[in-house]
């Protein structure tokens, strides 16, 4: 008689586990988001980017181009100067370019972040 209770209990536990597993499957699928929510999320993200990342004005960029000519020359069209500096430091192919990239990050970007 006790053996039957144990069997019934283990079957109930198994059924509960299957039910919990089935409930989890519903959350793993794709979620359809209304377009209005998507647009509002994009606008919030754009506003946040505009407030956190200060745009370099043309005069400052011209000065940086003059101070760090190798770094700006190494930039590809799809890179900004920070991405280029990171790539140069990662690749470490040209000693002068690596020094210039490190100097740019230390002197310009570090100062910009502290403002």
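Residue numbers (this note's numbering): 470 to 584.
By construction, the Cβ of each residue, glycine as well, lies at the ideal position given by its N, Cα and C atoms.
Keep in mind the model is a prediction, meaning the values are calculated, not measured.
From what residue to what residue does the alpha helix (DSSP H) around residue 567 run? 564 to 573
Outcome for residue 515 when other beta-carbon atoms lying within 10 angstroms are tallied against a minimum of 16: Classification for residue 515: exposed.
Is it buried or exposed for residue 570, if we count other Cβ within 10 angstroms and need 16 for buried? buried
Looking only at its own chain, which residues have a Cβ that is under 8 Å from the Cβ of residue 534, when we skip the five neighbours before and after it? 541
Does residue 500 come out as helix, strand or coil in the three-state DSSP assignment? coil
Secondary structure of residue 537, DSSP reduced to three states: coil
Give the straight-line distance between the Cα atoms of residue 550 and residue 502, rounded to the nearest whole angstrom. 35 Å
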